[in-house]
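This report refers to the structure that appears directly beneath it.
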Amino acid sequence: MKVAAVMSVAALTLAACGGSGSDKSSASGSSSSSAKKSDIKVGMAYDVGGRGDQSFNDAAAAGLDKAKADLGVQVKEAAAVNGENEAAREERLQQLIDAGYTHVVAVGFAYAKSVGTAAKANPDVHFAIVDDASADSKGANVDQITFAENEGSFLVGAAAALKTKTKHIGFVGGVNTPLIKKFEAGYIAGAKAVNPSIKVDSQYLTQPPDFSGFGDPAKGKTAAEGMFQAGADIVYHAAGGSGGGVFTAAKAAGGKAIGVDSDQALTAPADVRSVIMTSMIKKVDVAVFDFIKSAVDGQEKTGNNIYDLKSGGVDYSTTGGQIDDIKSKLDDYKQQIISGKITVPVTP
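Quick note: the sequence shown uses UniProt numbering, first residue 1, plus one each step.
Put into structure tokens, the structure is as follows:
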């Protein structure tokens with residue numbers, strides 16, 4: 001009965017968040033009406049927070065929107081729910097497959113086992129998973145999309161160290177996982193490359209298997225408030241939708257914040273954009289579009305495809321001009337990483 005209840009909830013979630021090719025998409029680029037049509041049907045299963053989180057999920061959505069507009073693919077979207085179990089994720093993927101979607105994109109490492117199971121059971125369907133390259137999701141029909149988050153985080157860590165007035169900065173992670181540890185490790189390494197004695201506070205909002213830390217702005221606000229009260233003047237978040245709370249806390253404290261995944265000085269609510277001095281950009285949109293474009297071209301992507309600083313998969317933003325005065329220094333660090341002179345750690 002419990003399994004049946006979970007499947008029913010998943011079905012309702014898919015029905016509410018999915019739809020035909022015209023649902024839930026605000027296409028970028030050329031209009032879908034003028035785009036060529038494709039037989040490729042793409043289902044996207046979001047992580048906690050879904051479309052509208054102004055961060056990780058929205059970056060994936062942007063890639064889907066562009067594929068719909070430019071390539072004429074049909075799309076359907078399905079959202080995750082806080083606290084859901086593995087059965088719910090498996091059912092969400094299976095519903096997309098049963099609805100005839102030939103390509104399924106799973107956004108987030110939480111889908112690793114679900115993708116592995118679905119890929120083995122459906123060898124004619126092609127899958128992409130964002131942020132996982134584990135044995136759990138590996139398959140002949142799986143594109144494992146990963147990023148060098150530590151490299152991009154190094155650059156914003158250096159920016160924080162160059163801009164701080166108190167020599168005290170902070171990091172808020174959504175969930176304490178190896179992936180988010182990569183953000184923390186790069187941030188600390190970048191800050192200490194500028195100032196070895198800088199103080200860096202770190203806090204995680206939840207521990208696995210509780211992934212609500214990616215969708216709880218109140219927890220993000222509380223964590224950041226504690227850091228600002230302790231003397232930090234810049235806080236970087238890698239917490240998905242919880243990052244909105246970090247921005248609110250920064251504004252109230254007269255401090256600064258660093259966004260993640262998207263250029264959040266463009267996507268966050270207008271009243272907090274001025275506190276976002278830069279963002280670590282993780283080009284999930286590019287990776288999702290690459291997966292779909294390759295399918296349309298008849299060249300399916302498989303294996304672990306890594307988007308790093310050298311390939312342009314990660315970077316930092318300059319919207320608002322708040323780091324224009326240190327851009328040359330950041331670009332010098334960037335070139336040292338690309339050349340191999342600096343090796344950025346993946347654990348703190």
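Ideal Cβ placement from N, Cα and C applies to all residues, glycine included.
Residue i versus residue j - alpha carbon distance
i	j	result
Ser153	Ile198	16 Å
Pro123	Ala223	44 Å
Lys76	Asp331	39 Å
Val286	Ala252	34 Å
Ala249	Val296	44 Å
residue 379	Asn141	Not covered by the structure: residue 379. The range shown for the chain is 1 to 348.
Gly100	Lys41	7 Å
Gly220	Lys282	20 Å
Lys329	Val194	10 Å
Asn304	Ile169	34 Å
Val288	Val314	14 Å
Ile306	Lys138	14 Å
Asp325	Thr278	13 Å
Ser25	Asp65	Confidence in Ser25 is poor, its pLDDT being 34 and thus under 50, which makes the residue's placement unreliable; the coordinate value appears in the next sentence. In a straight line, the C-alpha of Ser25 is about 6 Å away from that of Asp65.
Phe247	Val81	24 Å
Lys310	Ala87	38 Å
Ser317	Thr302	30 Å
Lys113	Lys165	45 Å
Tyr333	Ile342	8 Å
Segment limits, alpha helix (DSSP H) that includes residue i
i	result
Ser339	327-339
Ser202	Looking at the DSSP string, Ser202 is not in any alpha helix (DSSP H); the run it does join, the beta strand (DSSP E), is 199-206.
Thr267	264-267
Ala106	Ala106 -> not in any alpha helix (DSSP H); beta strand (DSSP E) instead, spanning 103-107.
Three-state secondary structure assigned by DSSP to residue i
i	result
Ile342	coil
Glu225	helix
Phe171	strand
Ala191	helix
Ala253	helix
Phe211	coil
Glu77	strand
Ile97	helix
Lys41	strand
Ala238	strand
Asp136	coil
Gly259	strand
Asp124	coil
Enclosing beta strand (DSSP E) for residue i [first to last residue]
i	result
Ser279	276-282
Gly303	303-307
Asp143	142-147
Closest by C-alpha distance to residue i, when choosing among the options
i	options	result
Asp70	Asp290, Ile234, Glu91	Asp290
Thr347	Asn150, Asn85, Phe56, Ala193	Asn150
Gly63	Ile292, Arg92, Pro196	Ile292
residue 357	Lys192, Gln229, Asn57	Summary: the structure shown does not reach residue 357, with the chain confined to residues 1 through 348, and so no result is reported for it.
Val104	Leu93, Leu179, Ala110, Lys327	Leu93
Ser262	Asp271, Gly255, Ile276, Ser38	Ile276
Tyr236	Ala60, Gln229, Thr267, Asp201	Asp201
Gln144	Lys163, Val107, Thr164	Val107
Ala79	Arg273, Ser317, Gly231, Met44	Met44
8 Å Cβ cutoff, residue i in contact with chain B
i	result
Val81	The displayed structure is made up of one protein chain only, and chain B is not part of it.
* Asked: Is the number of C-beta pairs between the stretch 227-245 and the stretch 205-217 that are closer than 8 Å three or more?
  -> Touching, yes, given that three or more Cβ pairs across the two stretches are closer than 8 Å.
* Please determine if the stretch 175-183 and the stretch 200-208 are in contact, where contact requires at least 3 C-beta pairs separated by less than 8 Å. => Cβ pair count under 8 Å is three or more, so yes.
* **contact_flag[the stretch 126-135, the stretch 153-172] where n(CB pairs < 8 Å) is 3 or more** => Contact between the stretch 126-135 and the stretch 153-172 is absent, because fewer than three Cβ pairs lie under 8 Å.
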